[in-house]
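S.K.: Using my numbering, the letters of the sequence shown map in sequence onto residues 79 to 409.
Cβ atoms here follow ideal geometry from the backbone N, Cα and C, with glycine treated the same way.
Keep in mind the model is a prediction, meaning the values are calculated, not measured.
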Amino acid sequence: MRRVIIGMFAVAVTAVMVFLVYPLVPAVSGQPRGTAEAGKAYWDATTTWCSRCHGETGQGAYGPDLAGRGLSFEQFQRAVRRPWGVMPAFTEQQASEQNIADLVAYFDSLPKVAAPGPWRTTVPAGAPLGQRLLIETAGCGQCHGDVLGFPRLAAGGVGADFAQFEEWVYEHTKEFPTGRMGNFSKARLPEPVLSEIWRYVSVDLGLRVPVTAVISGTAAAAGSVTYNLTVGNTGTAGKGLAAGEIYISVVVPSGSTVSSASATGYQGVQNYAPGGYDVAVWLAPRIAAGEKLTYTMTVSDSGAAGGSRAFVRWLSPTRGGEFVQTALVRP
Ligand code: HEC
Ligand code: HEC
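(1) Strictly by DSSP, which residues pair up with Arg391?
(2) Taking the alpha-carbon positions, what's the Phe389 to Gly219 distance?
(3) Is any non-hydrogen atom of ligand 1 found closer than 7 Å to the C-beta of Ala157, if you look at the structure I gave you?
(4) Should Ser394 and Gly322 be called a contact, given that it needs their Cβ atoms to be closer than 8 Å?
(5) Compare the beta carbon distance of Val309 and Lys370 with 8 Å and say whether it is the shorter of the two.
(6) Does DSSP classify Val89 as helix, strand or coil?
(7) Pick helix, strand or coil for Tyr140, following the three-state DSSP scheme.
(8) Return yes when at least one heavy atom of ligand 1 lies under 7 Å from the C-beta of Phe228, else no.
(9) Excluding sequence positions up to five away, which residues of its chain have a Cβ less than 8 Å from the Cβ of Thr215?
(10) Where does Pro206 sit, in a helix, a strand or coil, going by DSSP?
(11) DSSP puts Trp32 in a beta bridge; with which residues?
(12) Using the Cβ count rule (16 or more neighbours within 10 Å means buried), how would you classify Phe75?
(13) Rounded to a whole number of angstroms, what is the C-alpha to C-alpha distance between Thr296 and Thr304?
(14) What number of angstroms, rounded off, separates the C-alpha of Ile326 from the C-alpha of Leu361?
(15) For Gly295, name the three-state secondary structure that DSSP assigns.
(16) Residues in its own chain within less than 7 Å of Leu226 by CB, not counting five upstream and five downstream?
(17) Which ranges does the alpha helix (DSSP H) cover as unbroken runs of at least 4 residues, wholly within the segment 119–184, from first to last along the chain?
(18) On the three-state DSSP scale, how would you describe Gln109?
(19) Identify the continuous alpha helix (DSSP H) that holds Lys252 and give its terminal residues.
(20) Measuring only from the beta carbon, is Pro194 closer than 7 Å to any heavy atom that is part of ligand 1?
(21) At a cut of 8 Å, does the segment 145–152 reach the segment 182–196 through at least three beta carbon pairs?
(22) Report, in whole angstroms, the separation of the C-beta atoms of Val281 and Asn311, which I expect to be a contact under 8 Å.
(23) If we ignore side chains and look at the alpha-carbon of each, how far apart do Ala341 and Ala291 end up?
(24) Note down, in chain order, each residue of its chain lying with its Cβ closer than 6 Å to the Cβ of Val329, except the 5 sequence neighbours on either side.
(25) Taking 7 Å as the cut-off, is the C-beta of Ala292 nearer than that to any heavy atom in ligand 2?
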């Protein structure tokens, strides 16, 4: 009996050892084999953004040209895992050894370029220091544009502080293990530089509030249509920023007249001369993160079938009408 148990134990141990050892064999026997087709597919995929810095075909831009350069697997791997300069580092989950081998084969299959291509995002004339740092020095602008529109929205949605911003930049893959952005190095992008970028985007430009609007129409009694508009702040409740002084305009379809409208904050129908149409207008003092406001407008007559659209704008905490939201619907 004891021998049977020991025998079973030995079989189990062998099975476990085979399982543990087997996957290591290909790595020990050298680098993976790559193909140009797979490398091109990785480079072109929407899940990777290397090309924003190196060009659509590796012709060079903010980062150096890679096409036809003849980099070895080891050189390529070193540049991706422990970049020499400001390039963020990418993990195995974002760019595997196999992906790297495929990229080496892909760039080997392309001719050298005569000269590297232009940057995707350039520094506007007279740009303030914070903006120059985020475009030229750190390279954030190659993916996020020249005013970091998306990061300001993400930060506003959770009411981020500098500590959170730092974590997103230096330890990006903690929250986004398979994200398209890598981990920046404190040695190449030191905290004082990142702090000036943060000051510029959070104070000078201001964080953004994720306000969304959805409008839908339902045919009511003969010849009339009721539109329901929901305006929401999708930020995290209790954390995200509130939007303030909100102007909500719902376009009155041409040939229609408003027969009723929800009362809270209603300002009546106004003519919007530049667009040549009427709008029903509401004002709301504030929408807190996680909150939703709803509005209804009922119009009569046939023009209603053409549908309506809504514009939501707010003055606080953003500037210059940058964040106009548009919702369009066809009933
Ligand atoms: C923010 C822009 C940026 C992004 C994104 C980026 N790179 Fe780079 N890359 C650079 C810069 C700049 C260099 C030059 C060295 C440095 O500053 O780290 C570089 C260098 C390299 C090199 C070495 C080139 C040489 O001549 O030795 C390789 C290889 C490379 N990058 C591959 C990649 C791959 C693969 C990705 C995506 C997984 C990627 N890069 C994403 C900017 C970028
Ligand atoms: C290779 C393109 C790329 C570069 C370069 C880049 N980012 Fe990102 N960033 C992204 C993408 C894509 C996301 C969305 C998450 C993901 O896919 O990694 C993101 C997300 C973020 C977020 C928001 C996290 C959230 O909660 O959604 C912040 C903040 C941010 N980036 C700031 C920066 C800053 C600052 C820099 C420059 C130091 C920078 N990024 C450089 C592509 C990039």
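M.R.: Answer, in terms of the structure:
(1) Within the sequence shown, residue 391 is the residue found at index 313, counting from 1. Per DSSP, Tyr325.
(2) Sequence index remark: in the sequence shown, residue 389 carries index 311 (1-based). Sequence index remark: in the sequence shown, residue 219 carries index 141 (1-based). The straight-line gap from Cα to Cα measures roughly 28 Å.
(3) The residue you call residue 157 lines up with position 79 of the sequence shown. Answer for Ala157: yes, Cβ within range of ligand 1.
(4) Here residue 394 refers to the residue found at position 316 of the sequence shown. Here residue 322 refers to the residue found at position 244 of the sequence shown. Yes, these two residues count as a Cβ contact at 8 Å.
(5) In the sequence shown, residue 309 corresponds to position 231, counting from 1. In the sequence shown, residue 370 corresponds to position 292, counting from 1. Result yes, Cβ atoms of Val309 and Lys370 sit closer than 8 Å.
(6) Within the sequence shown, numbered from 1, the residue matching residue 89 stands at position 11. With a pLDDT of only 44 at Val89, under the threshold of 50, the placement of this residue in the model should not be trusted; the figure read from the coordinates follows. Note: Val89 maps to helix in three-state DSSP.
(7) By one-based count along the sequence shown, residue 140 stands at place 62. Three-state result, Tyr140: coil.
(8) Stepping through the sequence shown from its first residue, residue 228 is reached at position 150. No, ligand 1 has no heavy atom inside 7 Å of this Cβ.
(9) Residue numbering aside, residue 215 sits at position 137 when the sequence shown is read from its first letter. Within the same chain, Thr215 has close Cβ partners Val164, Leu267 and Val271.
(10) Translated into the one-based positions of the sequence shown, residue 206 becomes position 128. Coil at Pro206, not helix or strand.
(11) It is not possible to answer for residue 32, since the shown part of the chain is limited to 79 through 409.
(12) Lying outside 79 to 409, the shown extent of the chain, residue 75 is not represented and no answer is given.
(13) Numbered from its first residue, the sequence shown carries residue 296 at position 218. Numbered from its first residue, the sequence shown carries residue 304 at position 226. For Thr296 and Thr304, the distance between alpha carbons rounds to 5 Å.
(14) Indexing the sequence shown from 1 puts residue 326 at position 248. Indexing the sequence shown from 1 puts residue 361 at position 283. Distance between the alpha carbons of Ile326 and Leu361: 6 Å.
(15) The residue you call residue 295 lines up with position 217 of the sequence shown. It is a strand residue.
(16) Along the sequence shown, read from residue 1 onward, the residue named residue 226 stands at position 148. So the qualifying residues of the chain are Leu212, Cys218 and Val279.
(17) 129–132 and 151–159
(18) The residue you call residue 109 lines up with position 31 of the sequence shown. Coil, per DSSP.
(19) Translated into the one-based positions of the sequence shown, residue 252 becomes position 174. Unbroken alpha helix (DSSP H) run through Lys252: His250 to Glu253.
(20) Residue numbering aside, residue 194 sits at position 116 when the sequence shown is read from its first letter. Incorrect: Pro194 has no Cβ contact closer than 7 Å to ligand 1.
(21) yes
(22) Here residue 281 is taken as the residue at index 203 of the sequence shown, counted from 1. Here residue 311 is taken as the residue at index 233 of the sequence shown, counted from 1. Actually they do not touch by this definition, with Cβ atoms about 21 Å apart.
(23) Residue 341 sits at position 263 when you count from the first residue of the sequence shown. Residue 291 sits at position 213 when you count from the first residue of the sequence shown. In a straight line, the C-alpha of Ala341 is about 19 Å away from that of Ala291.
(24) Residue 329 sits at position 251 when you count from the first residue of the sequence shown. Only Tyr355, Val357, Ser386 and Arg387 meet the Cβ criterion.
(25) Here residue 292 refers to the residue found at position 214 of the sequence shown. In the sequence as presented, Ala is not what sits at residue 292; that position holds Val. No, since every heavy atom of ligand 2 falls outside the 7 Å radius drawn around the Cβ of Val292.
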